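Counted from 1, the sequence shown has number 417 at position 417 by UniProt numbering; the numbering is strictly sequential.
Cβ coordinates follow ideal geometry from the N, Cα and C atoms, glycine included.
On a predicted model such as this, the values are computed, not experimentally measured, just so you know.
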Amino acid sequence: MKKITVPIKGMHCHSCELIIEDELLRVPGVCKVNACENKACAEIYYETEFLRIGEIDQAVQKAGYEVGINEKKPWVSKNSADYADILYAGAALFFLYVIVNVFGLTKLLGVGGGHPTSLVTVLLIGLTAGFSTCMALIGGLVLGSATRYTQKHPNATSGQRFVPHLWFTVGRIVSYTVLGGVIGGIGSFFQFSGFSLGLLTVAVALVMLTLGMQLTGLFPRLEGVTLSLPKGIARLLGIKDQGAGEYSHKNSFLLGASTFFLPCGFTQAMQLYAMSSGNVFSGAAIMGVFAIGTAPGLLGIGGLTSLIRGVFAQKFFKFAGVAVIALSLFNINNAFNLIGWNPLMGLSSDGSVLAANTENTVLLEGDVQIVKMTQDAQGYTPNSFTIVKGVPVKWIVNATDVNTCASSIVSSQIGVRKNLHPGENIIEFTPTETGTIHFSCMMGMYRGSFTVVNSTDGVQVPDTQVLAAQATSPAVPSANEGGSCGGGGCGCGGEQYE
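This is the structure we're talking about:
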């Protein structure tokens, strides 16, 4: 058996390796192929006396790639036009953000069950993915399936030729919805703490940040960075083989369903979100809406996609890249809130500013501090309280809108992770250290805090709280003496996970 190594340009993931290997194996005499994206080449094993280079070149081109050596790309673009496009895209995005906030569109379609993000945001991410990475990764499968149908039905009308696209998309939406519910259910068994959710959100945000940077075109070297399944697993799942067989509506449906496992960064980010929701229905909704968002781009391959070609396509991708970067930075800030570190307190959604509501509604009943708070679509009201160290706290949350992100409360400092149900929800804890206890929704978008003080600290504490502190600690002086509240974290007794 003889071997030659052929350099190939354009590979960016393991799926590219699969496509190239399958095309080269069709060349007469070729018995084995090992394509390597990292080395940008393919090792071809053959048993004949010689191979026709022209046939190798044609097979590579048919797969959508070129024979040749990749040029080394710079880390940062030197084209000033790229930066001008990004500036315009940023201005357009800011203008769009202002319009959305003026009309209050950010409050539409919140996800229940404590999920961290809005279905509108998921839909927009899906639309972006459908016209960018998903189109690049999955478009070949769609076209391949449609082409085989056309070959089998050469006299089919335009409407009939669209049928394979529909079966593919339906299979994709169904599988994303069902499997999204599965991974959402799996997440419920893990019961992620606030700190774990923060780390998971950072991971999602970093994936999105990388994708956004790739779409802007400002970082050419990053275009080769991908997250992908190993070839062996992809072949085991039949992702490529499904598309290589004889056409049938069933095969087209299954081919679309199998794309849930394809290495698209946006898909993987949404899968992490679905798992972090810890809820079957939220996970299904997230992945289902994401798949619906990708549908226009995938259904329009060969049709609507002609609208975003050439110069317009480049500007569209740059705008999408800026939007994805903005979302990733927003998520990183929210993740820091969940972890307990908040460097950008001012970057938050409406109603989540910590100092917005400081009305103190802490009362004393016996030896227990009663904290009353209302949850609605705008967050928590009030969201800042002063409580006394060492005195048990009964935190009563009146949930008026559980179909929003604010319907979940997380605080890693006091071991609380609770999905709110309509009406009154009770959380109990005892602060054991002075300082600040932070709490937020599952994503960190809506926030609040408890300032824990000794009764001797020089802050305004309701008289009932002072009496409570004196009842539990007779030696404590009055609340008007000097001192200041210390920073840092706080602890409490017990954990509550619901």
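Rounded distance between the beta-carbons of residue j and residue i, thought under 8 angstroms
| i | j | result |
| --- | --- | --- |
| Gly130 | Pro296 | 6 angstroms |
| Asp82 | Leu218 | 6 angstroms |
| Val410 | Leu338 | 6 angstroms |
| Glu428 | Trp395 | 7 angstroms |
| Ile19 | Ala63 | 5 angstroms |
| Val122 | Val289 | 5 angstroms |
| Ala291 | Gly184 | Their Cβ separation, rounded to whole angstroms, is 14 angstroms, which puts Ala291 and Gly184 out of contact at 8 angstroms. |
| Val322 | Leu166 | Not confirmed; about 33 angstroms, so no contact. |
| Phe253 | Val371 | The pair is not a contact, with the Cβ atoms about 53 angstroms apart (cut-off 8 angstroms). |
| Ile387 | Val368 | The Cβ separation is near 11 angstroms, so there is no contact. |
| Val174 | Gln268 | That pair is no contact at about 19 angstroms. |
| Val204 | Asn38 | Their Cβ separation, rounded to whole angstroms, is 25 angstroms, which puts Val204 and Asn38 out of contact at 8 angstroms. |
Under the three-state DSSP convention, the category residue i falls into
| i | result |
| --- | --- |
| Phe94 | helix |
| Glu223 | helix |
| Ser449 | strand |
| Asn34 | strand |
| Gly482 | Caution is warranted here: a pLDDT of 40 is assigned to Gly482, below 50, making its placement in the model unreliable, and no coordinate value can be reported. |
| Val178 | helix |
| Tyr65 | coil |
| Thr216 | helix |
| Ala406 | helix |
| Ser77 | coil |
| Glu288 | The question names Glu, but residue 288 in the sequence shown is Gly. If DSSP states are grouped into helix, strand and coil, Gly288 belongs with the helices. |
| residue 500 | Coverage of the chain is limited to positions 1 through 498, which leaves residue 500 absent and any answer about it impossible. |
| Ser455 | coil |
| Asn425 | strand |
| Cys41 | strand |
| Thr386 | strand |
| residue 500 | With the chain covering only 1 through 498, there is no way to say anything about residue 500. |
| Leu364 | strand |
| Ser398 | Ser is not the amino acid found at residue 398; the sequence shown has Asn there. In the structure shown, Asn398 sits in a strand (DSSP, three-state: E or B). |
| Arg52 | coil |
| Ile325 | helix |
| Val170 | helix |
| Ile4 | strand |
| Ile86 | helix |
| Phe316 | helix |
| Asn337 | helix |
| Lys250 | helix |
| Phe281 | helix |
| Val391 | coil |
| Arg161 | helix |
| Val416 | strand |
| Val111 | For Val111, the predicted structure reports a pLDDT of 41, less than 50, and the residue's modelled location is therefore unreliable. A value from the coordinates is still provided. Three-state result, Val111: coil. |
With 16 other Cβ atoms within 10 Å as the buried cut-off, status of residue i
| i | result |
| --- | --- |
| Asp85 | buried |
| Met11 | buried |
| Ile69 | exposed |
| Val97 | In the sequence as presented, Val is not what sits at residue 97; that position holds Tyr. Under this definition Tyr97 is an exposed residue. |
| Lys389 | buried |
| Arg172 | buried |
| Leu197 | buried |
| Ser412 | buried |
| Leu327 | buried |
| Gly435 | buried |
| Pro422 | exposed |
| Ser384 | buried |
| Gln271 | buried |
| Gln242 | Bear in mind that a pLDDT of 44 at Gln242, under 50, signals an unreliable position, so the model cannot answer this. |
| Phe50 | exposed |
| Thr157 | exposed |
| Cys31 | exposed |
| Phe95 | exposed |
| Glu17 | buried |
| Ser80 | exposed |
| Gly293 | buried |
| Ala160 | According to the sequence shown, residue 160 is Gln rather than Ala. It counts as exposed. |
| Asn21 | Note on residue identity: the sequence assigns Glu, not Asn, to residue 21. When all chains shown are included, Glu21 counts as buried. |
| Thr201 | buried |
| Ser442 | Before going on, a small fix: residue 442 reads as Met here, not Ser. Its Cβ being crowded by 16 or more others within 10 Å, Met442 is buried. |
| Leu25 | exposed |
| Ser23 | Checking the displayed sequence, the identity of residue 23 turns out to be Glu instead of Ser. Classification of Glu23: buried, given that the 10 Å Cβ count is 16 or more. |
| residue 532 | What is shown of the chain runs 1 to 498, which leaves residue 532 out entirely. |
| Val102 | exposed |
Cutoff 8 angstroms: residue i Cβ touching any chain B Cβ
| i | result |
| --- | --- |
| Cys36 | Of the protein chains in the structure, only one exists, and it is not chain B. |
Closer than 7 angstroms: residue i CB and nearest the ligand ATP heavy atom
| i | result |
| --- | --- |
| Lys2 | With respect to the ligand ATP, the structure offers nothing, as it holds no ligand at all. |
| Taking contact to mean at least 3 C-beta pairs separated by less than 8 angstroms, is the segment 196-214 in contact with the segment 64-74? | no
| said: Three Cβ pairs or more, each shorter than 8 angstroms: is that satisfied between the segment 75-90 and the segment 251-262? | reply: With fewer than three CB-CB distances shorter than 8 angstroms, the segment 75-90 does not count as touching the segment 251-262.
| query | Counting pairs of beta carbons, one from the segment 405-414 and one from the segment 375-383, are three or more of them closer than 8 angstroms? | reply | yes
| Are at least three pairs of beta-carbons, each pair with one atom in the segment 173-183 and one in the segment 276-294, less than 8 angstroms apart? | yes
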